[in-house]
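**Student:**
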Amino acid sequence: MRYLPLTPADRAEMLGVIGAATIDDLFVDVPDAARKADLFDLPLHAGEMEVERALSALAARNRPAGAGPFFCGAGAYKHHVPATVDHIIQRSEFLTSYTPYQPEIAQGTLQVLFEFQTQVAALTGLEVANASMYDGSTACAEAVMMAQRVTRRKKAVLSGGLHPHYAAVTQTIAHAEGMDITRQAVAIDAEADVLSAIDAETACVVVQTPNVFGVVTDVSKIAQAAHAAGALLIVVTTEAVSYGLLKSPGEMGADIAVGEGQSIGVGLNYGGPYIGLFAAREKFVRQMPGRLCGETVDAEGARGFVLTLSTREQHIRREKATSNICTNSGLCALAFTIHMTLLGERGLRELAALNHSRARELREVLAAVPGVEILSPRFFNEFAIRVPGKAADVVEALLADGVVAGVPFSRLDPKAGMDDVLLVAATETTTRDDIAAFAKALKGRTA
Amino acid sequence: MAMSNIGRPTQPQAAGTSSAHTSLTGARGLLQDEALIFEMDGWDKTGVDFELPDEDASDLGDLVRTAPIGLPGLSEPEAMRHFVRLSQKNHAIDLALYPLGSCTMKHNPRLNEKMARLAGFGDLHPMAPQSTTQGALELMDRLAHWLKTLTGMPAVALSPKAGAHGELCGLLAIKAAHEAKGQGHRRTVLVPTSAHGTNPATAAFVGYDVTEIAQTADGRVDLADLEAKLSPEVAAIMVTNPNTCGLFERDIIEIARLTHAAGAYFYCDGANFNAIVGRVRPGDLGVDAMHINLHKTFSTPHGGGGPGAGPVVLSEALAPYAPTPWVVSAGEGFKLVEEAEDEAADTFGRMVAFHGQMGMFVRAYAYMLSHGTDGLRQVAEDAVLNANYIKAKLSPVMTPAFPDGPCMHEALFDDSWLEGTGVTTLDFAKAMIDEGFHPMTMYFPLVVHGAMLIEPTETESKQELDRFCHALTLLAQAAKAGDVERFTGAPYLAPMRRLDETQAARKPRLTWRPEPTAVSPAPMAAE
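Chains A and B supply the protein sequences, listed in that same order.
Each residue of the first sequence is one higher than the one before, counting from 15 in the numbering used here.
Each residue of the second sequence is one higher than the one before, counting from 5 in the numbering used here.
1. Beta-carbon of residue 307(A) versus every beta-carbon of chain B: anything under 8 angstroms?
2. Quick one: is residue 201(B) near chain A, going by C-beta distance under 8 angstroms?
3. Can you list the residues of chain B that residue 126(A) reaches, using a CB-CB cut of under 7 angstroms?
4. Using alpha carbons as the reference points, say which of 422(A), 355(A), 220(A) and 385(A) lies closest to residue 133(A).
5. Just by C-beta distance, which residues in the segment 467-480 of chain B are closer than 7 angstroms to chain A?
6. Could you name the residues of chain B that residue 333(A) contacts, counting a contact when the two beta carbons are closer than 8 angstroms?
7. Hey, which unbroken runs of the beta strand (DSSP E) at 3 residues or more fall wholly within the segment 386-420 of chain B?
8. Roughly how many whole angstroms lie between the Cα atoms of residue 525(B) and residue 103(A)?
9. Please identify the residue among 28(B), 506(B) and 121(B) whose C-alpha is closest to the C-alpha of residue 313(A).
10. Below 8 angstroms on the Cβ atoms is my contact criterion, and I expect residue 202(B) with residue 167(B) to pass it. Report the Cβ-Cβ distance as a whole number of Å.
11. Can you pull the chain B residues whose beta carbon is under 8 angstroms from the beta carbon of residue 37(A), in chain order?
12. Could you name the residues of the same chain whose beta carbon sits closer than 6 angstroms to that of residue 5(B), not counting the 5 residues immediately before and after it, in chain order?
13. To the nearest angstrom, report how far apart residue 145(B) and residue 328(B) are at their CA atoms.
14. Applying a beta-carbon distance threshold of less than 9 angstroms, which residues of chain A neighbour residue 48(B)?
15. Where does residue 63(A) land, buried or exposed, given buried means 16+ other C-beta within 10 angstroms?
16. Could you tell me whether the segment 98-112 of chain A touches the segment 407-426 of chain B, where touching means 3 or more Cβ pairs closer than 8 angstroms?
17. Please determine if the segment 396-404 of chain B and the segment 35-47 of chain A are in contact, where contact requires at least 3 C-beta pairs separated by less than 8 angstroms.
18. Any beta carbon of chain A sitting closer than 8 angstroms to that of residue 377(B)?
19. With DSSP as the reference, please indicate the residues paired to residue 233(B) in a beta bridge.
20. With 16 as the cutoff for other CB atoms within 10 Å, does residue 26(A) come out buried or exposed?
21. In its own chain, which residues sit with a C-beta less than 7 angstroms from the C-beta of residue 483(B), not counting the 5 before and 5 after it?
22. Taking Cβ positions only, does residue 346(A) come closer than 8 angstroms to chain B?
23. Within the continuous beta strand (DSSP E) that includes residue 317(A), where are the two ends?
24. Against chain B, with Cβ distances strictly below 8 angstroms, would residue 218(A) count as a contact?
25. Would you please state the rounded distance, in angstroms, between the beta carbons of residue 204(B) and residue 332(A)? I believe it to be under 8 angstroms.
26. On a Cα-Cα basis, can you pick out the residue from 206(A), 259(A) and 182(A) that is closest to residue 237(A)?
27. Taking CB distances under 8 angstroms as the criterion, tell me whether residue 162(A) reaches chain B.
28. Given a threshold of 16 other Cβ atoms within 10 Å of its Cβ, counted over all protein chains shown, does residue 101(B) qualify as buried or as exposed?
29. Report the partner residues of residue 538(B) according to the DSSP bridge assignment.
30. At what residue ranges does the segment 113-189 of chain B contain a whole run of the beta strand (DSSP E), taking only runs of 3 or more?
31. For residue 387(A), list the residues DSSP reports as bridge partners.
32. Is any beta-carbon of chain A found at less than 8 angstroms from that of residue 278(B)?
33. At a CB-CB cut-off below 7 angstroms, which residues of chain B make contact with residue 190(A)?
34. With distances taken between CB atoms, is the gap from residue 419(A) to residue 85(A) smaller than 8 angstroms?
35. Taking the C-alpha atoms as reference points, what is the distance between residue 350(B) and residue 185(B)?
36. Helix, strand or coil: which one does DSSP assign to residue 295(B)?
In structure tokens:
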């Protein structure tokens with residue numbers, strides 16, 4: 015077995031050193047009833063070639079996003095990732111190291127995390143950011159629970175434009191902790207509906223911009239209303255590239271900003287691993303979940319970085335921890351940081367402008383297709399359209415033309431009564447030919 | 005290829021007496037000092053080229069950001085150097101044995117990386133039509149089959165994103181099951197003192213009160229104490245097996261029986277599954293829920309702190325409450341059950357957007373296929389053999405916490421052998437760095453004084469184990485011989501000397517800020 019270095023002679027010699035006659039002697043504490051003498055009903059070991067053949071056969075039965083015109087978004091976006099990113103994250107020293115508990119031999123990871131935190135804080139317009147969460151949806155749930163700790167209130171108000179998966183995850187986790195979750199009716203352009211639900215019991219208001227329908231909202235007034243009631247404003251963003259064009263959550267008054275960072279450096283991966291971005295105002299830092307990297311000095315006064323404020327965390331604080339999170343999304347944070355460093359402010363702004371421009375072109379072309387109605391009045395790189403019939407049927411029909419048309423909203427929330435709503439996204443990877451192919455196929459199928 | 009003989013061949017001069025040589029620039033040979041990206045004056049640089057849009061038009065008006073973001077950029081060669089230089093300051097499993105107990109730092113096969121990057125997996129959108137993702141769904145189904153077979157459990161929830169997220173999944177299923185039976189009043193979760201911190205943190209996260217169970221002198225759950233604390237108020241127990249002392253819970257079947265008799269559920273922390281995979285099925289032990297860290301037992305890379313994946317196997321009693329989504333076979337193919345209706349009517353809900361850590365599923369499945377059922381059994385055997393070998397080799401110089409009987413996949417020592425030396429567990433661990441090894445897990449589990457928990461894993465050769473034991477033996481002898489400074493000042497030879505964690509926490513600096521800092525970007529040189 016190619017991954018197991020011990021030889022039969024090694025094993026015999028080592029048993030001798032231990033003073034055991036057989037390997038079974040080392041398993042004496044296992045109750046007889048639980049010992050399995052026989053192999054399980056599963057295949058035997060296989061060589062690299064056989065494994066590669068088996069996995070490649072499975073991969074070949076999937077249609078990658080890059081195989082043709084592709085317009086799915088809804089919280090995961092197809093972006094170009096520079097080759098440098100994937101090269102660096104496969105370096106042994108990054109790929110095969112553990113959480114940096116021994117800072118003297120983990121400065122590589124720690125400095126990257128410090129750079130990552132600074133980038134996320136800058137993008138969200140807030141003062142501090144953590145070293146990542148699992149993904150945007152779990153970051154959203156954690157933000158709601160953090161608001162409960164800060165305000166000592168139990169009610170969370172979610173906007174109807176919040177990604178339905180994010181609402182569901184928040185409901186599952188925050189409800190278990192005893193919070194009362196109020197979700198406003200699903201609506202394409204009504205983040206401000208949350209205003210009516212804010213009261214003296216409200217711990218936080220959760221709004222998303224761009225929201226799940228792609229609609230961009232200035233949440234400043236919601237921030238004012240939340241603050242006037244003593245509540246926090248949590249702003250969710252599922253498309254991190256939008257930070258390059260739009261006003262930041264912090265600028266609009268957010269107390270906590272959470273986001274999905276998948277667009278920067280990570281790739282689609284059929285939904286994971288992704289990376290949760292989590293930033294907050296500095297005064298709340300001791301209530302934040304997750305790992306934080308901070309600056310310090312070593313015994314000779316040289317600057318270095320360590321994990322810090324760990325008295326918030328489970329391995330120190332146990333049942334009094336701010337969260338149970340341990341492993342986060344470290345390598346994805348590295349990928350994010352490398353990609354963001356390659357972009358820089360100039361590159362990110364260009365990338366965002368390009369995404370916005372492509373989406374506007376897509377809108378112009380789709381608006382001209384008879385029977386199609388554009389539903390999102392202001393958007394970044396994604397918008398909702400109304401199609402004749404069921405959106406899911408339209409998507410299936412267009413597959414025959416080689417076009418993956420987008421995400422039917424009914425896939426995310428079948429009970430919203432929006433079966434004819436299709437979410438379509440364009441990014442820098444979308445070409446004019448892709449857009450033309452989409453419009454042509456749509457005309458053909460809806461005529 | 006022959007080396008050129010032209011020029012002067014190098015030959016070391018007679019060694020000087022000074023070992024404290026310093027460079028003129030503050031550099032330390034090829035180990036480069038490296039500033040933060042924010043200190044490189046790259047405010048207008050970029051390492052990407054885009055074809056800019058024809059028009060700069062936007063109808064977003066004052067929704068558009070006008071103020072600078074504050075993000076520096078680097079050209080590609082600069083970025084490559086920056087991150088490669090940083091990488092060289094990390095220790096890694098590819099460099100040497102990485103004996104972090106409870107973390108299972110085993111070799112990460114690169115075939116698995118290659119497979120996860122196949123376009124059919126890596127470039128697959130989670131909401132793409134399911135007719136275009138059948139291979140991915142089949143892989144999830146196959147992975148689920150392997151996990152269920154290896155654990156002897158009837159169901160598995162794949163979506164939890166890490167071990168602690170898996171614990172959350174298990175406790176939410178338990179909570180839902182109690183509520184369905186009118187037992188929602190059960191408020192307590194029993195956790196042994198030796199448990200991972202995530203166990204009590206998770207229980208509290210779900211709103212349970214945590215009560216600790218005592219441990220016996222031989223490092224196992226105290227059955228009498230467990231029996232005394234089991235009551236109609238107890239919702240679940242959370243027990244790690246093999247436990248965090250590296251020992252198999254001999255009374256595990258009785259623990260399960262007592263728990264079930266009290267109407268509670270048995271959550272098993274599966275962090276240490278590597279010790280028993282292929283040899284013992286948790287389902288045969290009476291477990292109701294157990295998470296499996298794919299980044300431990302199934303070798304998906306730790307990546308400097310994630311991503312992980314924490315699928316949870318569930319008993320018949322808990323399976324109906326599993327989180328959505330899950331994969332079912334449907335006619336010729338597969339489909340995702342995504343909504344809380346029909347067959348998923350009792351689900352406790354959704355834990356993540358989309359379907360979980362697919363990239364980790366691909367790697368873990370490739371690992372399983374590579375090993376097969378025979379190879380996985382050998383994994384457990386070699387992991388346990390290696391740990392016992394270390395325990396045997398180091399027992400003459402260090403004190404094993406539980407000297408009697410074999411350990412499982414990790415060897416636990418206490419610090420009684422350091423008594424009177426002036427060296428602490430922390431000092432000893434830091435001195436290991438100077439000898440080229442990552443420290444073991446220290447001061448955990450909490451039940452052993454000055455704990456040193458060593459987990460070698462099965463992917464270490466006998467030669468590397470001997471090298472490791474030799475280094476620790478020399479260190480132990482040095483500590484006992486009074487060579488205290490070797491320890492209290494350690495590390496001396498790492499990229500940095502010992503870092504001040506107290507200062508970091510007192511006045512946290514968590515982001516770079518443009519104002520001048522009290523501490524200048526430091527020279528690397530040792531003084």
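We put the CB at the ideal spot given by N, CA and C, even for glycine.
In this text, all values refer to a predicted model and were calculated from it rather than measured experimentally.
**Tutor:** Working from what's here:
1. Position 293 of the first sequence, counted from the start, is the residue given in the question as residue 307(A). Between residue 307(A) and chain B, the shortest Cβ-Cβ separation is below 8 angstroms.
2. Your numbering for residue 201(B) matches position 197 in the second sequence. Judged by the 8 angstroms Cβ criterion, residue 201(B) is in contact with chain A.
3. By one-based count along the first sequence, residue 126(A) stands at place 112. Around residue 126(A), the beta-carbon contacts reaching into chain B at under 7 angstroms are 90.
4. Counting from one through the first sequence, the residue named residue 133(A) turns up at place 119. Looking from the CA of residue 133(A), the closest CA among 422(A), 355(A), 220(A) and 385(A) belongs to 355(A).
5. Within the segment 467-480 of chain B, no residue has a Cβ that lies closer than 7 angstroms to any Cβ of chain A.
6. Within the first sequence, residue 333(A) is the residue found at index 319, counting from 1. Near residue 333(A) (Cβ distances below 8 angstroms), the residues of chain B are 204, 205, 207, 208 and 214.
7. Correct list: 415-418.
8. Sequence index remark: in the second sequence, residue 525(B) carries index 521 (1-based). Sequence index remark: in the first sequence, residue 103(A) carries index 89 (1-based). Low per-residue confidence applies at residue 525(B): pLDDT is 46, beneath 50, and the placement is therefore not dependable, though the value from the model is reported in the following sentence. Answer to the nearest angstrom: the Cα atoms are 25 angstroms apart.
9. By one-based count along the first sequence, residue 313(A) stands at place 299. The shortest C-alpha separation from residue 313(A) is found at 506(B).
10. Taking the first residue of the second sequence as position 1, residue 202(B) is located at position 198. Taking the first residue of the second sequence as position 1, residue 167(B) is located at position 163. Between residue 167(B) and residue 202(B) the Cβ distance is about 7 angstroms, and since that is below 8 angstroms, they are a contact.
11. Here residue 37(A) corresponds to residue number 23 of the first sequence, with the count starting at 1. Chain B residues near residue 37(A): 385, 388 and 389.
12. Working through the second sequence from its first residue, we reach residue 5(B) at position 1. With a pLDDT of 45 at residue 5(B), under the threshold of 50, the modelled position of that residue is not reliable, and the figure given next carries that caveat. Hits under 6 angstroms: none found.
13. As a position in the second sequence, residue 145(B) is number 141, starting the count at 1. As a position in the second sequence, residue 328(B) is number 324, starting the count at 1. Between the C-alpha atoms of residue 145(B) and residue 328(B) there is a straight-line separation of about 14 angstroms.
14. Taking the second sequence and counting its residues from 1, the one referred to as residue 48(B) is at position 44. Here the neighbours are 358, 359 and 360.
15. In the first sequence, counting from the first residue as 1, residue 63(A) sits at position 49. Classification for residue 63(A): exposed.
16. No, the segment 98-112 of chain A does not touch the segment 407-426 of chain B.
17. Too few Cβ pairs lie closer than 8 angstroms, so no.
18. Locating residue 377(B) in the second sequence gives position 373, counting from the first residue. Residue 377(B) counts as touching chain A.
19. Within the second sequence, residue 233(B) is the residue found at index 229, counting from 1. Partner(s): none; residue 233(B) has no beta bridge.
20. Residue numbering aside, residue 26(A) sits at position 12 when the first sequence is read from its first letter. Per the 10 Å Cβ criterion, exposed.
21. On the second sequence, residue 483(B) is found 479 positions in, with the first residue counted as 1. Answer for residue 483(B): 422, 425, 427, 432 and 491, listed in chain order.
22. Position 332 of the first sequence holds residue 346(A). Yes, residue 346(A) counts as interfacial toward chain B.
23. Here the question's residue 317(A) lines up with position 303 in the first sequence. Per DSSP, residue 317(A) belongs to the beta strand (DSSP E) from 317-322.
24. Residue numbering aside, residue 218(A) sits at position 204 when the first sequence is read from its first letter. False, the Cβ-Cβ gap to chain B never drops below 8 angstroms.
25. Within the second sequence, numbered from 1, the residue matching residue 204(B) stands at position 200. Within the first sequence, numbered from 1, the residue matching residue 332(A) stands at position 318. About 4 angstroms separates the beta carbon of residue 204(B) from that of residue 332(A), a gap short enough to meet the 8 angstroms contact definition.
26. Start at 1 with the first residue of the first sequence, and residue 237(A) comes out as number 223. Out of 206(A), 259(A) and 182(A), the CA that lies nearest to the CA of residue 237(A) is found in 206(A).
27. As a first step, residue 162(A) is located in the first sequence; it is residue number 148 there, counting from the start. For residue 162(A), the closest Cβ of chain B is not nearer than 8 angstroms.
28. Counted from its first residue, the second sequence places residue 101(B) at position 97. Looking at its Cβ environment, which holds 16 or more other Cβ atoms inside 10 Å, residue 101(B) is buried.
29. In the structure as shown, chain B begins at 5 and stops at 531. Residue 538(B) is therefore absent and cannot be evaluated.
30. As far as the segment 113-189 of chain B is concerned, its whole beta strand (DSSP E) runs of at least 3 residues are 159-161.
31. Locating residue 387(A) in the first sequence gives position 373, where the first residue counts as 1. 400(A).
32. Within the second sequence, the letter at position 274 stands for residue 278(B). Interface annotation, residue 278(B): not in contact with chain A, CB-CB separation never under 8 angstroms.
33. Residue 190(A) sits at position 176 when you count from the first residue of the first sequence. 176, 179, 210 and 211, listed in chain order.
34. Translated into positions along the first sequence, residue 419(A) becomes position 405. Translated into positions along the first sequence, residue 85(A) becomes position 71. Yes.
35. For the purposes of this step, residue 350(B) is taken as residue 346 along the second sequence, with counting starting at 1. For the purposes of this step, residue 185(B) is taken as residue 181 along the second sequence, with counting starting at 1. Annotation: residue 350(B) to residue 185(B) spans about 12 angstroms, alpha carbon to alpha carbon.
36. Counted from its first residue, the second sequence places residue 295(B) at position 291. Of the three classes helix, strand and coil, the one that applies to residue 295(B) here is strand, per DSSP.
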